[in-house]
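Asker:
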């Protein structure tokens with residue numbers, strides 16, 4: 147792999163992983179905003195409305211960061227992956243362009259109404275715009291998953307004049323790969339959003355500030371978070387696992403750290419892969435479980451890496467293995483944390499007084515971001531050495547005319563820029579979080595009328 | 114079908130430039146038109162609800178170009194590697210400047226973001242103009258339809274190895290800046306009152322004069338730099354309506370500015386921008402990216418995606434654009450009218 151390709155991979159991985167920190171939160175919060183606003187309309191309890199405006203502000207800041215870090219993603223297909231774009235643009239860009247036409251316009255228009263229009267259009271329209279923003283963000287996720295699904299499992303194409311042509315639109319749009327991956331990604335986003343809400347609520351309860359709101363945030367965060375954490379494991383995680391087993395067995399072997407084909411293969415809980423010797427150091431393995439999970443049969447044969455030619459192996463097996471194990475490990479903790487919190491909440495709301503559990507909830511806030519990132523690393527590193535699985539290798543997809551020095555320059559630029567953006571984001575969200583939901587005073591009621599974030603002008 | 118998509122993609126890009134053009138222009142003048150915090154908030158309030166919707170047109174146009182002309186997308190984006198990535202950085206800095214400037218109540222903090230907002234807006238306008246200049250002048254495409262252009266070489270547009278910046282593309286870049294300043298100043302005077310309104314009108318008049326001068330130079334040099342432009346207009350004389358539209362817009366905007374018809378002046382500057390871009394697209398056709406060696410030029414036929422893909426795309430594109438038009442009309446109606454001090458104060 148030449149230097150331009152390697153650096154382009156690093157740049158794409160860096161910019162997409164960074165970008166996805168923001169949409170996973172906004173997709174999660176979009177659902178929670180709909181819930182808060184709907185609760186307000188149902189109960190007419192003002193606290194839900196104040197909470198909606200408060201979260202709308204954090205949503206708006208996150209959304210802007212998502213938008214500005216998202217623009218480079220589409221552009222990089224052309225700038226850094228020109229051979230891939232020329233080869234497969236006829237297909238891959240259909241879903242990307244549909245995202246623009248059907249999701250982005252919807253999001254930007256209704257976000258404007260959601261943030262600026264509460265006083266003009268009234269409460270029902272405010273709820274409606276929240277729902278439309280939610281649909282917009284989730285539709286956007288859907289089109290991106292459809293694009294990625296096609297790279298994981300290309301369908302509906304023919305080869306003509308050395309380029310791929312789309313031959314069946316519906317096959318591309320309803321690729322069987324989409325449903326499990328979409329469910330898994332969206333519930334992952336809801337996990338991030340609900341841990342964020344529960345974590346801030348836990349902070350308020352621990353700090354004894356905005357206690358009423360702390361309770362609301364913890365309650366909603368824990369209930370939604372528990373449901374989403376369970377969906378992560380079953381059915382979505384399970385479906386994803388079966389899909390990888392059936393269509394990308396070499397990815398499965400690499401992410402599980404299975405070097406040798408086994409009957410009744412065990413599942414690795416911890417251990418460090420030693421790719422040179424094809425062994426696992428310091429392993430802790432539960433026997434037979436992998437066979438059962440993949441083939442629903444305790445003694446089924448699971449193909450190890452040795453069943454595949456070496457040039458088909460993913461090129462970063464260790465990182466792939468760790469990404470997968472970090473994702474699964476954290477996912478398990480999420481179910482435990484939310485399950486336990488829920489029981490304490492259900493048991494006469496004891497959660498609100500249980501200091502140690504609130505500490506755990508608060509400190510857990512960043513971990514869903516890590517789990518989601520690790521999940522994407524698993525998916526994408528496991529696709530290597532292919533850019534389009536089984537069709538085009540990554541080394542054949544980069545821009546042939548762009549020198550590695552130029553790519554390094556822009557990579558460093560992105561790093562500097564994103565460091566700045568990240569610091570700003572953290573400062574602003576901490577600032578907003580510490581100030582907390584503000585109860586409107588009569589004289590500045592005008593100001594609170596849904597002018598949330600952009601009131602800042 | 115490729116001809117239809119050529120028109121549609123050009124249309125989307127034109128809509129983008131007209132819409133984002135006024136908020137870029139507003140950004141480029143806000144340091145001069147707005148002298149204090151309240152006035153700057155008014156300008157931001159005027160573009161706040163619409164700027165990111167305007168930028169969606171860039172994303173949508175880019176992705177549409179990607180699936181309709183994959184080779185053009187791949188070739189131009191990788192060939193213009195550095196300036197494009199810089200455009201992305203500027204778009205980012207500008208976006209966060211708008212959103213963050215008033216989040217921390219400190220005059221140093223807001224002055225920093227005001228400066229970045231100005232710089233980002235002005236440089237973007239120049240870059241867009243220079244990009245258009247490159248597309249008109251032609252790029253050093255090889256036989257496979259790819260190229261790479263450094264930022265500058267010898268600043269000579271007739272060179273065999275041209276750079277992004279040469280005297281011609283810089284001239285077009287400055288023309289773009291002055292045209293968007295004119296357009297943005299018209300928007301601000303349309304949306305504001307009193308001092309801000311009067312200052313924007315004066316800026317619009319100054320920008321108008323500069324635009325007229327640069328347009329004359331830009332037009333004359335274009336005929337020398339790209340002989341194809343002349344050929345296109347002689348082959349299809351009806352295309353003269355596009356430059357005429359630009360001319361009518363340019364004359365109209367100053368007349369309505371003087372008579373105090375802000376909306377008409379704004380629409381006229383929009384017509385000027387549309388006329389310029391349409392003239393450029395018209396004179397390029399059927400090329401989509403001319404080459405220094407004309408045999409290697411990318412055209413609507415050799416850069417085109419599959420007929421099936423373009424046909425299916427047209428179906429959902431029409432549905433998508435109808436929806437987008439509805440949202441846009443809705444949003445602009447909602448935020449119609451002048452922004453008053455009361456709207457910005459306390460925010």
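Residue numbers (this note's numbering), protein chains in the order written: chain A, 147 to 603; chain B, 114 to 460. For each residue, glycine too, the CB sits at the ideal point set by N, CA and C.
(1) Using 8 Å for Cβ pairs, my map puts residue 544 (chain A) next to residue 226 (chain A). What's the rounded Cβ distance?
(2) By alpha-carbon positions, which one of A:180, A:246 and A:456 ends up nearest to residue 274 (chain A)?
(3) Could you confirm whether any beta carbon from chain B is found closer than 8 Å to the beta carbon of residue 452 (chain A)?
(4) Are the segment 292-302 of chain B and the segment 130-139 of chain B touching by the rule of at least three beta carbon pairs closer than 8 Å?
(5) Let me know the secondary structure DSSP gives residue 303 (chain A) once reduced to three states.
(6) Got a sec: which bits of the segment 379-403 of chain A sit with their beta carbon under 9 Å from any beta carbon on chain B, in order along the chain?
(7) I want to see whether chain B comes within less than 8 Å of residue 236 (chain A), judged by CB atoms only; does it?
(8) I need the boundaries of the beta strand (DSSP E) containing residue 604 (chain A), first residue and last residue.
(9) If you run the structure through DSSP and keep just helix, strand and coil, what is residue 548 (chain A)?
(10) What are the residues of the segment 216-239 of chain B that lie near chain A, defined by any Cβ-Cβ distance shorter than 8 Å?
(11) Thinking C-beta only, is residue 450 (chain A) closer than 8 Å to residue 404 (chain A)?
(12) Count the other CB atoms, across all protein chains shown, that sit within 10 Å of the CB of residue 294 (chain A); report buried if there are 16 or more and exposed otherwise.
(13) Taking C-alpha atoms, which residue in A:250, A:304, A:174 and A:219 lies nearest to residue 434 (chain B)?
(14) Determine the chain A residues that contact residue 301 (chain B) at a beta-carbon separation under 7 Å, and present them in chain order.
(15) Counting pairs of Cβ atoms below 8 Å between the segment 216-225 of chain A and the segment 391-409 of chain A, do you hit three or more?
(16) Rounded to whole angstroms, what is the Cα-Cα separation between residue 468 (chain A) and residue 528 (chain A)?
(17) Nearest by alpha-carbon distance to residue 567 (chain A): which of B:202, B:148, B:184 and B:306 is it?
(18) For residue 378 (chain B), which three-state DSSP category applies?
(19) Could you tell me whether any Cβ in chain B is nearer than 8 Å to the Cβ of residue 151 (chain A)?
(20) So that I know if they touch, is there some Cβ in chain B lying closer than 8 Å to that of residue 321 (chain A)?
(21) Run through DSSP, which three-state label would residue 283 (chain B) get?
(22) Classify residue 320 (chain A) as helix, strand or coil using the three-state DSSP reduction.
(23) Chain B partners of residue 92 (chain A), CB-CB under 7 Å?
(24) Would you identify the three-state DSSP class for residue 595 (chain A), choosing helix, strand or coil?
(25) Based on the DSSP secondary-structure assignment, which residues constitute the bridge partners of residue 388 (chain A)?
(26) Since residue 358 (chain B) contacts residue 391 (chain B) with CB under 8 Å, what's their CB separation in whole angstroms?
(27) Exposed or buried, what is residue 333 (chain A) when buried is set at 16 or more other beta-carbons lying within 10 Å of its beta-carbon?
(28) What separation, rounded to the nearest whole angstrom, lies between the Cα atoms of residue 336 (chain B) and residue 193 (chain B)?
(29) Of all the residues that make up the segment 260-278 of chain B, which are near chain A by a beta-carbon distance shorter than 7 Å?
(30) Within this structure, are the beta carbons of residue 233 (chain B) and residue 206 (chain B) separated by less than 8 Å?
(31) Classify residue 401 (chain B): buried if its beta carbon has 16 or more other beta carbons within 10 angstroms, exposed otherwise.
(32) Kindly indicate which three-state DSSP category residue 483 (chain A) falls into: helix, strand or coil?
(33) Ignoring anything shorter than 4 residues or poking outside the segment 426-511 of chain A, list the alpha helix (DSSP H) runs there in chain order.
(34) Hey, does residue 220 (chain A) have any beta-carbon neighbour from chain B nearer than 8 Å?
(35) Ordered along the chain, which non-local residues of its own chain (more than five positions away) have a Cβ less than 6 Å from that of residue 395 (chain B)?
(36) DSSP three-state call for residue 420 (chain A): helix, strand or coil?
Answerer: The relevant details are as follows:
(1) To locate residue 544 (chain A), count along the first chain from 1; it is residue 398. To locate residue 226 (chain A), count along the first chain from 1; it is residue 80. That belief holds up - the Cβ atoms of residue 544 (chain A) and residue 226 (chain A) are roughly 6 Å apart, short of 8 Å.
(2) Counting from 1 along the first chain, the entry for residue 274 (chain A) is found at position 128. That would be A:180, whose Cα lies nearest to the Cα of residue 274 (chain A).
(3) Locating residue 452 (chain A) in the first chain gives position 306, where the first residue counts as 1. False, the Cβ-Cβ gap to chain B never drops below 8 Å.
(4) yes
(5) The residue you call residue 303 (chain A) lines up with position 157 of the first chain. If DSSP states are grouped into helix, strand and coil, residue 303 (chain A) belongs with the strands.
(6) none
(7) As a first step, residue 236 (chain A) is located in the first chain; it is residue number 90 there, counting from the start. So yes, residue 236 (chain A) belongs to the interface.
(8) Lying before the first or after the last residue shown, residue 604 (chain A) is absent from chain A, which here runs from 147 to 603.
(9) Stepping through the first chain from its first residue, residue 548 (chain A) is reached at position 402. Residue state, collapsed to three classes: coil.
(10) 216 and 217
(11) Your numbering for residue 404 (chain A) matches position 258 in the first chain. Your numbering for residue 450 (chain A) matches position 304 in the first chain. Yes; because the gap between Cβ atoms is below 8 Å, this pair is in contact.
(12) Residue 294 (chain A) sits at position 148 when you count from the first residue of the first chain. So residue 294 (chain A) ends up on the buried side.
(13) Taking the first residue of the second chain as 1, we reach residue 434 (chain B) at position 321. With distances taken between Cα atoms, residue 434 (chain B) lies closest to A:250.
(14) On the second chain, position 188 is the one that residue 301 (chain B) refers to. By Cβ distance, chain A contributes nothing, its closest Cβ being about 14 Å from residue 301 (chain B), past 7 Å.
(15) no
(16) Taking the first chain and counting its residues from 1, the one referred to as residue 468 (chain A) is at position 322. Taking the first chain and counting its residues from 1, the one referred to as residue 528 (chain A) is at position 382. Cα to Cα, residue 468 (chain A) sits roughly 12 Å from residue 528 (chain A).
(17) Taking the first residue of the first chain as 1, we reach residue 567 (chain A) at position 421. Measuring from the Cα of residue 567 (chain A), the nearest candidate turns out to be B:202.
(18) Position 265 of the second chain, counted from the start, is the residue given in the question as residue 378 (chain B). If DSSP states are grouped into helix, strand and coil, residue 378 (chain B) belongs with the helices.
(19) Counted from its first residue, the first chain places residue 151 (chain A) at position 5. Residue 151 (chain A) does not count as touching chain B.
(20) Stepping through the first chain from its first residue, residue 321 (chain A) is reached at position 175. Answer no: the Cβ-Cβ gap between residue 321 (chain A) and chain B never drops below 8 Å.
(21) Start at 1 with the first residue of the second chain, and residue 283 (chain B) comes out as number 170. Note: residue 283 (chain B) maps to helix in three-state DSSP.
(22) Residue mapping note: residue 320 (chain A) aligns to position 174 of the first chain, counting from 1. Note: residue 320 (chain A) maps to coil in three-state DSSP.
(23) The structure shown does not extend to residue 92 (chain A), since chain A is modelled only from 147 through 603, so no value can be given for it.
(24) On the first chain, residue 595 (chain A) is found 449 positions in, with the first residue counted as 1. A caution first: residue 595 (chain A) carries a pLDDT of 38, below 50, which makes its placement in the model too unreliable to give a value.
(25) Here residue 388 (chain A) is taken as the residue at index 242 of the first chain, counted from 1. Paired residue(s): none; residue 388 (chain A) is not in a bridge.
(26) As a working note, residue 358 (chain B) is residue 245 in the second chain. As a working note, residue 391 (chain B) is residue 278 in the second chain. Rounded, the Cβ-Cβ distance is 7 Å, consistent with contact.
(27) As a working mapping, residue 333 (chain A) is identified with position 187 in the first chain. Residue 333 (chain A) is buried by the Cβ-count criterion.
(28) On the second chain, residue 336 (chain B) is found 223 positions in, with the first residue counted as 1. On the second chain, residue 193 (chain B) is found 80 positions in, with the first residue counted as 1. Distance between the alpha carbons of residue 336 (chain B) and residue 193 (chain B): 23 Å.
(29) 260 and 261
(30) Locating residue 233 (chain B) in the second chain gives position 120, counting from the first residue. Locating residue 206 (chain B) in the second chain gives position 93, counting from the first residue. A contact, by the Cβ cut-off of 8 Å.
(31) Position 288 of the second chain, counted from the first residue, corresponds to residue 401 (chain B). Per the 10 Å Cβ criterion, buried.
(32) Taking the first residue of the first chain as 1, we reach residue 483 (chain A) at position 337. Looking at residue 483 (chain A) - three-state DSSP - the assignment turns out to be helix.
(33) 435-441, 463-492 and 501-509
(34) Residue numbering aside, residue 220 (chain A) sits at position 74 when the first chain is read from its first letter. For residue 220 (chain A), the answer is yes, since a Cβ of chain B falls inside 8 Å of its Cβ.
(35) To locate residue 395 (chain B), count along the second chain from 1; it is residue 282. Once the five neighbours on either side are set aside, the close Cβ partners of residue 395 (chain B) are 352 and 355.
(36) Your numbering for residue 420 (chain A) matches position 274 in the first chain. Note: residue 420 (chain A) maps to strand in three-state DSSP.
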